[in-house]
Amino acid sequence: SAAAAAVAADTAAGRGAVGRHRRQRLRARNGVVARHFDVHLPLVGDRRQRCRPLVDVCELAAAALRHATVAVCTTSGVVAAIATAIVGATAAATAPAATPPTHFPGAPDAPFATEPAFLRPEQLPLAPTYRLTAPSGAPLTDRDPGQLAGKELALQFHKCMLKTSVMDNVLYTAQRQGRFAFYMTSTGEEAAVIGAAAALDSADEVFAQYREQGLLMWRGFTYSDFTDQCTGNDRGNGKGRQMPVHYLSKKLHYQTISSPLATQIPHAVGAAYALKGTGRIAVAFFGEGAASEGDFHTALNFAATLECPVLFLFRNNGYAI
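Every number in the working numbering is 696 more than the matching position in the sequence shown, counting from 1.
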C-alpha cells in the first residue's frame, strides 16, 4: 500500500524510527479511523536520548497516516463521519436513525440523545448520552451541517485525534517495554477532549486528570514536549520532578497534573474565583471515579456559593479507579 511504501522509504532513508514496525492495522472506533503502530525500540541510557526514538516513531506514524488517509479524507462521506463525531455533519445528513440504549458501566439503560439540553436530576430517571453519529459513522440528526462546522475545521479535529491516538499507542508500548514507569491513554475519549479544547479560549485555565493529552496537543504541545515529560529529562517543563503523564505548561494555561483523583476540582474553583471579572474561566476535567470523592462535592458547593466562572467536564469512562 502507499502507506507501507512510505514507511519503508522513510525508514530506508534514515528519516524514520529507530527500530522495527512489526505490524500496522486500521481500526474504526466511534466512526473515526485510527492507525495503530506496534513498535519495538532499543533502550538507551541517557534520558535525553531515550525520548528521541519515540518522537521519531510518532512522526513516522503521522506521516504514514497522511499517506493512508489523504485519499479518503477528501471524500464527503468520511468528512461527514469525522465531523458528526464531534460537532455535526459536513455533508448532506440522512434521516435520524433509531438509537438503542447505551451500555456504559453505571448507566446500562441510559438512552441516546441528539440534542444537547440542560437537565435537572428530577426531570429524568437517567441522563441521556449525547451522540451525533451511529457506530457506522452515519449521521443521527437532520440539522443543517453548515451551521456546525466546515470541512477545514473537521479535518483539524480529525488530524488532532489521530495524532493523539498514534502517540498514545507508541508511548504506551514504550512504557510496557520499561522505558518509563507510567502511562495513561485517552483511547475512546479523543473527541470529547479535543472538541472541548476547540470550544475553550486558549487562555482559559485547565485543570486536568490523566487522559486530556488531546487538549494539550490542540493547544500546541509537541511530540517532543510529551516525550520529554514522560522520560523525565531536563528539557521537560517539570525538569524531571514529576511522574510520567503529569503534564504542565504555563504557556498553554495547563496546570500540573496531580496524582490523587479529584484534587484538581477544588483547585479549578479557586482559580475561577481569582478569574472573576476577567472574561476567562477555569475548567476541570474528571471522571466518574473522581465524582465519588469529597473534593468533588466541596468544589461544587464553593463554585455555587461564590458564583465562580468554572466549567466542570465530567466523563463517565467506566474506569472509576
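Ideal placement from N, C-alpha and C gives every residue a C-beta, glycine not left out.
All figures in this text were calculated on a predicted structure; none of them were measured in a lab.
Within a Cβ cutoff of 7 Å, which residues of the same chain sit near residue i, ignoring the five residues on either side of it in sequence?
i	result
E886	M857, T860, S861, G910
T977	According to the sequence displayed, residue 977 carries Ile and not Thr. If we look at I977 and ignore the five residues flanking it on each side, its Cβ neighbours are D900, A968, L971, P1005, V1006, L1007.
A888	R1011
E989	L957, A958
Y919	V751, C754, E755, M863
Sorted by chain position, which residues of the same chain lie with C-beta nearer than 8 Å to residue i's C-beta, five sequence neighbours on each side aside?
i	result
N1013	G884, E885, R907, G983, E984
L822	A803, D805, A806, P807
G936	R743, G928, N929, D930
P824	A806, P807, F808, A809
L815	A823
Between residue i and residue j, what straight-line distance do the alpha-carbon atoms span, to the nearest angstrom?
i	j	result
P940	D864	13 Å
D838	P817	28 Å
A806	A850	28 Å
K947	F998	27 Å
F808	L828	9 Å
T869	G973	45 Å
A813	Q951	30 Å
T810	Y826	6 Å
L867	V753	10 Å
Q873	L996	41 Å
S882	F917	16 Å
G1089	E1003	In this structure the chain extends from 697 to 1017, so residue 1089 is not present and cannot be described.
S898	I953	18 Å
L820	G975	33 Å
Excluding the 5 residues flanking residue i on each side, which residues of the same chain have their C-beta closer than 6 Å to its C-beta?
i	result
A1000	none
F981	A904, Q905, E908, L1009
R931	D924
Q871	Y879
G710	With a pLDDT of 36 at G710, under the threshold of 50, the modelled position of this residue cannot be trusted, and the question is left open.
Is the separation between the beta-carbon of residue i and that of residue j shorter than 8 Å?
i	j	result
D991	A1016	no
T923	L756	no
S955	L912	no
V902	H949	yes
Helix, strand or coil for residue i per DSSP?
i	result
G983	strand
S945	strand
A999	helix
F878	coil
T860	helix
G727	Confidence at G727 is low in this model, with a pLDDT of 35, below 50, so the placement of that residue should be treated as unreliable; the coordinate-derived value is given next. DSSP places G727 in coil when its eight states are reduced to three.
E901	strand
Y969	helix
A978	strand
T829	strand
F1008	strand
F808	strand
Y906	coil
Y1015	coil
P835	strand
Going by alpha carbons, who is nearest to residue i out of the options?
i	options	result
V979	L820, A845, V965, D752	V965
Q960	T994, T825, W914	T994
R915	N933, N929, L896	L896
V921	Y943, P821, R872	According to the sequence as given, residue 921 is Asp; it is not Val. Among Y943, P821, R872, the Cα nearest to that of D921 belongs to Y943.
A987	P962, G975, E1003	P962
A893	Q852, K847, Q819, G936	Q852
A877	Q938, G975, Y919	Q938
Check whether the Cβ of residue i lies closer than 8 Å to any Cβ atom in chain C.
i	result
P956	Given the protein chain composition of this structure (a single chain), no chain C is represented.
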